[in-house]
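Trainee: One structure, as structure tokens, below. Some questions next.
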Amino acid sequence: MMGFLMRRIFYMIPTIFLVSICTFIIIQLPPGDYLDSLAAEMGEAGVESTAVLDSLREQYGLGQPMYVQYFKWMKGILLHGDFGISFEKNRPVTDLIWNRLGWTFGISIMTLLFIWLTALPIGIYSAVRKYSMGDYIATFFGFIGLAIPNFLLALLMMYVAFKYFGQSVGGLVSPEYLEEPWTWDKYVDLLKHIWMPIVVVGTSGAAALIRIMRANLLDELYRPYVVTARAKGMSEFQLLLKYPVRVALNPFVSTIGWILPTLVSGEIIVAVVMNLPTTGPLLLRALLVQDMYLAGSLILIVSMLTVIGTLISDLLLAWIDPRIRYQ
Amino acid sequence: MTAIDPDIPLDITEASPITLGPWALVWRKFKRHRLAYFSGIVVLFIYAVAIFGEFLTPADPLKTSTRSTFAPPQGIHLFVTEADGSRRFQLHAKGLTMKLDKVAMRRTYEPNENKIIPLGFFVRGYEYKILGLFPSRTHLFGPTKPRDTVYFWGADRLGRDLMSRIIIGTRVSMSIGLVGVLVSLVVGVLLGGVSGYYGGWADTLIQRLIEFLRSIPTIPLWMGLAAAIPLDWPPLRTYFVVTIIVSMIGWTSLAREVRGKFLSLRNEDFITAARLDGLNDAEVIVKHMVPSFSSHIIASLTLAVPLMILAETSLSFLGIGLQPPIVSWGTLLKEAQNIRSIIEAPWLLIAPGTTIVLAVLALNFLGDGLRDAADPQAH
Numbered sequence: 001m002m003g004f005l006m007r008r009i010f011y012m013i014p015t016i017f018l019v020s021i022c023t024f025i026i027i028q029l030p031p032g033d034y035l036d037s038l039a040a041e042m043g044e045a046g047v048e049s050t051a052v053l054d055s056l057r058e059q060y061g062l063g064q065p066m067y068v069q070y071f072k073w074m075k076g077i078l079l080h081g082d083f084g085i086s087f088e089k090n091r092p093v094t095d096l097i098w099n100r101l102g103w104t105f106g107i108s109i110m111t112l113l114f115i116w117l118t119a120l121p122i123g124i125y126s127a128v129r130k131y132s133m134g135d136y137i138a139t140f141f142g143f144i145g146l147a148i149p150n151f152l153l154a155l156l157m158m159y160v161a162f163k164y165f166g167q168s169v170g171g172l173v174s175p176e177y178l179e180e181p182w183t184w185d186k187y188v189d190l191l192k193h194i195w196m197p198i199v200v201v202g203t204s205g206a207a208a209l210i211r212i213m214r215a216n217l218l219d220e221l222y223r224p225y226v227v228t229a230r231a232k233g234m235s236e237f238q239l240l241l242k243y244p245v246r247v248a249l250n251p252f253v254s255t256i257g258w259i260l261p262t263l264v265s266g267e268i269i270v271a272v273v274m275n276l277p278t279t280g281p282l283l284l285r286a287l288l289v290q291d292m293y294l295a296g297s298l299i300l301i302v303s304m305l306t307v308i309g310t311l312i313s314d315l316l317l318a319w320i321d322p323r324i325r326y327q
Numbered sequence: 001m002t003a004i005d006p007d008i009p010l011d012i013t014e015a016s017p018i019t020l021g022p023w024a025l026v027w028r029k030f031k032r033h034r035l036a037y038f039s040g041i042v043v044l045f046i047y048a049v050a051i052f053g054e055f056l057t058p059a060d061p062l063k064t065s066t067r068s069t070f071a072p073p074q075g076i077h078l079f080v081t082e083a084d085g086s087r088r089f090q091l092h093a094k095g096l097t098m099k100l101d102k103v104a105m106r107r108t109y110e111p112n113e114n115k116i117i118p119l120g121f122f123v124r125g126y127e128y129k130i131l132g133l134f135p136s137r138t139h140l141f142g143p144t145k146p147r148d149t150v151y152f153w154g155a156d157r158l159g160r161d162l163m164s165r166i167i168i169g170t171r172v173s174m175s176i177g178l179v180g181v182l183v184s185l186v187v188g189v190l191l192g193g194v195s196g197y198y199g200g201w202a203d204t205l206i207q208r209l210i211e212f213l214r215s216i217p218t219i220p221l222w223m224g225l226a227a228a229i230p231l232d233w234p235p236l237r238t239y240f241v242v243t244i245i246v247s248m249i250g251w252t253s254l255a256r257e258v259r260g261k262f263l264s265l266r267n268e269d270f271i272t273a274a275r276l277d278g279l280n281d282a283e284v285i286v287k288h289m290v291p292s293f294s295s296h297i298i299a300s301l302t303l304a305v306p307l308m309i310l311a312e313t314s315l316s317f318l319g320i321g322l323q324p325p326i327v328s329w330g331t332l333l334k335e336a337q338n339i340r341s342i343i344e345a346p347w348l349l350i351a352p353g354t355t356i357v358l359a360v361l362a363l364n365f366l367g368d369g370l371r372d373a374a375d376p377q378a379h
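Protein chains in written order, with the working numbering: chain G, 1 to 327; chain D, 1 to 379.
Below you can see the structure in the form of structure tokens.
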């Protein structure tokens with residue numbers, strides 16, 4: 001187990017390094033930088049600002065070759081935890097992002113739980129009652145879930161909620177609670193709002209997992225050991241959970257590896273539509289105005305946390321399934 | 001009991017058993033898969049719409065009209081009642097009368113029973129070029145008088161016909177899927193092939209790269225890449241860059257599949273035989289390996305197309321992919337970005353949304369059926 005752990009962590013380092021380089025190249029791609037537009041703005045306002053601009057230029061190495069800028073940025077992050085400043089908001093990036101990152105990952109993890117809690121029973125049901133009405137309904141919804149883009153589903157649900165239930169839509173809490181401290185009422189209000197992004201982000205993942213679970217379980221259900229167990233006189237329910245479901249569960253757990261990146265992706269795009277206080281809207285805005293350190297830090301941290309989350313899930317899987325750790 | 005009737009000629013000329021080629025077997029199995037077969041027809045239909053777009057549009061997709069902003073969808077009616085009370089068959093739509101609601105500061109539309117807009121097939125409309133070559137003014141369906149406009153699926157905020165725009169947008173959205181799949185086919189087969197055929201350090205490197213690409217969330221990366229596209233680029237260049245960005249997802253799964261196939265085929269007897277016959281690597285790959293798994297590749301390509309369509313739609317919807325004036329399903333949905341415009345004009349969400357879901361569903365079913373059919377021997 002120790003060797004497996006070391007190997008996985010060792011593999012993770014180049015990945016994170018690559019992520020940081022990619023991120024940096026991406027945010028450098030647009031021609032010009034924020035200081036150019038800032039200088040233009042200040043020039044229009046008639047403010048003499050060469051000194052301010054020069055000090056900013058010096059601090060972040062703007063205008064210097066790309067690798068110099070990269071090293072300055074990385075040095076700040078690694079040594080001081082300083083991700084640079086957001087040019088637009090004129091505040092350190094670290095002040096702006098952690099709260100939102102927390103919500104993004106909070107929603108992603110809750111979505112993961114939602115997916116498992118729905119996909120597992122539905123998958124088992126549609127495998128055991130193959131070609132029944134319920135199976136067809138599950139399959140139908142599965143296909144629809146895969147075919148509707150996240151943001152479209154979000155818009156649709158917002159429309160239905162607003163038009164037919166008169167619920168306030170967008171955001172995580174009702175407007176009147178925005179500035180309030182966390183009280184019981186606010187938590188209840190949060191729960192009233194947060195289910196919608198969770199369902200929206202989780203639908204396609206749940207649809208995929210139902211199909212995987214159904215296929216895996218169907219492979220196991222007609223094995224001789226199931227017949228043997230039935231011949232012993234075990235109750236059908238006990239038998240099902242004790243043998244075939246346990247075998248079919250492994251591929252299920254391993255899906256966490258690819259599902260976390262897609263959940264984070266989905267959360268970001270849904271957040272833009274539903275106006276959630278998570279990374280999505282902040283990232284979109286930062287990219288549109290070329291607030292490069294803010295955008296870069298967001299992409300970097302989201303990607304890094306996803307890689308770490310995937311690592312944790314891999315470790316969990318290795319812990320459950322000895323075949324993986326001895327590979 | 002079973003006396004042989006001498007009148008019935010015995011079929012003695014025993015035909016040699018029909019041997020079907022691999023493609024014929026795939027086709028036979030595919031045809032049995034009803035849903036996939038039907039979806040294949042739907043997909044062909046959608047691509048036909050993409051090719052003959054302008055011919056099918058009832059109105060000029062670019063023509064704006066201030067008198068019909070957010071005009072609701074108009075139904076098609078079959079019979080008109082004449083002045084003398086007799087009913088006569090005539091395809092028509094009811095005209096709309098606009099009222100300005102001064103309080104709410106918005107327009108409302110009422111169907112006007114007396115204003116009849118006759119509709120017909122092969123009518124004259126705006127001028128376009130069939131397949132970009134032959135000028136024509138004939139349209140499949142629409143109002144018979146070129147001056148009338150009918151909004152079958154409603155109008156957008158500039159009074160443009162939504163149905164025509166969706167039809168024109170089919171071309172961009174569906175072709176981005178195809179072009180993106182071609183890019184990922186080339187990259188995926190090349191890298192997957194190298195990885196599986198040669199193994200060793202090349203394999204390790206490529207597998208690491210694939211793992212890297214799959215472990216990072218795609219949307220933020222795409223957003224970064226797409227936001228880097230300058231707004232003043234010509235539409236065609238933007239289109240190709242978006243295609244390349246979108247195809248970055250497709251190739252990894254394809255490369256994995258190709259690699260797996262190469263690994264399992266590498267030690268097959270017929271490959272060893274081919275190599276012993278003195279064929280070089282390229283010949284072994286092209287003549288013997290690729291044909292044995294090309295049906296699998298086609299199936300995975302079909303399944304990759306809907307992913308790319310969804311990716312393009314998402315990016316354009318966020319406003320960082322394709323930009324207007326390019327018309328695609330994503331840029332059309334951008335009009336329905338906030339809840340206010342959806343409440344006012346739900347068709348802006350429903351019409352393009354349904355189109356996308358339909359196209360993606362059809363492609364998914366088709367791909368599933370092809371994947372099942374790719375193994376004609378399996379049951």
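Think of the CB as a built atom: it goes at the ideal place given N, C-alpha and C, for glycine as much as any other residue.
(1) Label His193/G either buried or exposed according to how many other C-beta atoms from any shown protein chain fall within 10 Å of its C-beta, with 16 as the threshold for buried.
(2) How would you write the range of the alpha helix (DSSP H) that Met163/D sits in, first residue to last?
(3) Any idea what DSSP makes of Met429/D, helix, strand or coil?
(4) Apart from the five residues just before and just after Asn99/G, which ones in its own chain have a Cβ nearer than 8 Å to its Cβ?
(5) Who are the near neighbours of Lys31/D in its chain, counting only those whose CB is closer than 7 Å to its CB and skipping five residues on each side?
(6) Please decide whether Val357/D counts as near chain G, where near means a Cβ-Cβ distance under 7 Å.
(7) DSSP three-state label for Leu131/D, please.
(8) Using a 10 Å radius around the Cβ and a threshold of 16 neighbouring Cβ atoms, would you call Gln290/G buried or exposed?
(9) What is the rounded straight-line gap between the Cα of Thr262/G and the Cα of Met163/D?
(10) Quick check on Ile166/D: buried or exposed, where buried means 16 or more other Cβ atoms within 10 Å of its Cβ?
(11) So what does DSSP say about His193/G, is it helix, strand or coil?
(12) Give the single residue among Trp73/G, Ile16/G, Arg129/G, Phe4/G whose Cα lies nearest to the Cα of Ala215/G.
(13) Mind checking whether the beta-carbon of His193/G lies closer than 6 Å to any heavy atom of the ligand PLP?
(14) Could you tell me whether the Cβ of Val199/G comes closer than 7 Å to any Cβ of chain D?
(15) Per DSSP, what are the beta-bridge partners of Ile116/D in this structure?
(16) To the nearest angstrom, how far is it from the Cα of Asn90/G to the Cα of Ile107/G?
(17) Just to make sure I have the definition right: I need the residues of chain D whose C-beta is within less than 8 Å of the C-beta of Thr306/G. Which are they?
(18) In chain order, what residues of the stretch 298-317 of chain D put their CB closer than 8 Å to some CB of chain G?
(19) Cβ atoms of Glu257/D and Ser294/D: under 7 Å apart, would you say?
(20) Which residues, in chain order, does the stretch 5-35 of chain G contribute to contact with chain D at a C-beta distance below 8 Å?
(21) On the criterion of 16 or more Cβ atoms from any shown chain inside 10 Å, does Phe23/D qualify as buried, or is it exposed?
(22) From the beta carbon of Val360/D, is the nearest beta carbon of chain G less than 7 Å away?
(23) On a Cα-Cα basis, can you pick out the residue from Ile212/G, Ser204/G, Pro92/G, Phe143/G that is closest to Leu298/G?
(24) Strictly by DSSP, which residues pair up with Arg107/D?
(25) How is Thr138/D classed by DSSP in three states: helix, strand or coil?
(26) Taking DSSP's pairing of strands, which residues face His77/D in a bridge?
(27) Take Ile210/D and list the residues in its own chain whose beta-carbon comes closer than 7 Å to its own, dropping the five residues that flank it on each side.
(28) Would you check if the distance between the CB atom of Ile446/D and the CB atom of Thr243/D is smaller than 7 Å?
(29) What is the rounded straight-line gap between the Cα of Ser303/G and the Cα of Phe105/G?
(30) Let me confirm a value: Asn364/D is counted as buried when at least 16 other C-beta atoms fall within 10 Å, else exposed. Which label applies?
(31) Tell me which residues of the stretch 193-215 of chain D have at least one Cβ-Cβ distance to chain G shorter than 7 Å, keeping chain order.
(32) Below 7 Å CB to CB, which residues in the same chain sit around Gly367/D once its five sequence neighbours on both sides are set aside?
(33) Hey, out of Lys186/G, Arg223/G, Trp116/G, Gln238/G, whose CA is closest to Ala208/G's CA?
(34) Looking at chain D, is there any beta carbon in it that lies within less than 7 Å of the beta carbon of Ala147/G?
(35) Determine the burial state of Asp314/G: buried for a count of at least 16 other Cβ atoms within 10 Å of its Cβ, exposed for fewer.
(36) Would you tell me roughly how many angstroms separate the C-alpha atoms of His379/D and Ala127/G, rounded to the nearest one?
Mentor: Based on what the coordinates show:
(1) buried
(2) 162-198
(3) An answer regarding residue 429/D cannot be provided, because it is not within the stretch 1 to 379 covered by chain D.
(4) Pro277
(5) Tyr37
(6) yes
(7) coil
(8) buried
(9) 32 Å
(10) buried
(11) helix
(12) Arg129/G
(13) This structure lacks the ligand PLP; in fact it carries no ligand of any kind.
(14) no
(15) Lys94/D
(16) 28 Å
(17) Ser215, Ile216, Pro217
(18) Pro306, Leu310, Thr313, Ser314, Phe317
(19) no
(20) Tyr11, Pro14, Thr15, Leu18, Val19, Cys22, Thr23, Ile26, Ile27, Leu29, Pro30, Pro31
(21) Per the sequence shown, residue 23/D should be read as Trp rather than Phe. Label assigned to Trp23/D: exposed.
(22) yes
(23) Pro92/G
(24) Leu100/D
(25) strand
(26) His92/D
(27) Thr252, Ala255, Arg256
(28) Outside the modelled stretch of chain D, which goes from 1 to 379, sits residue 446/D, for which no answer is possible.
(29) 11 Å
(30) buried
(31) Phe212, Arg214, Ser215
(32) Ala299, Thr302, Leu303
(33) Trp116/G
(34) yes
(35) buried
(36) With a pLDDT of only 48 at His379/D, under 50, the local geometry of the prediction cannot be trusted, and no value is derived from it.
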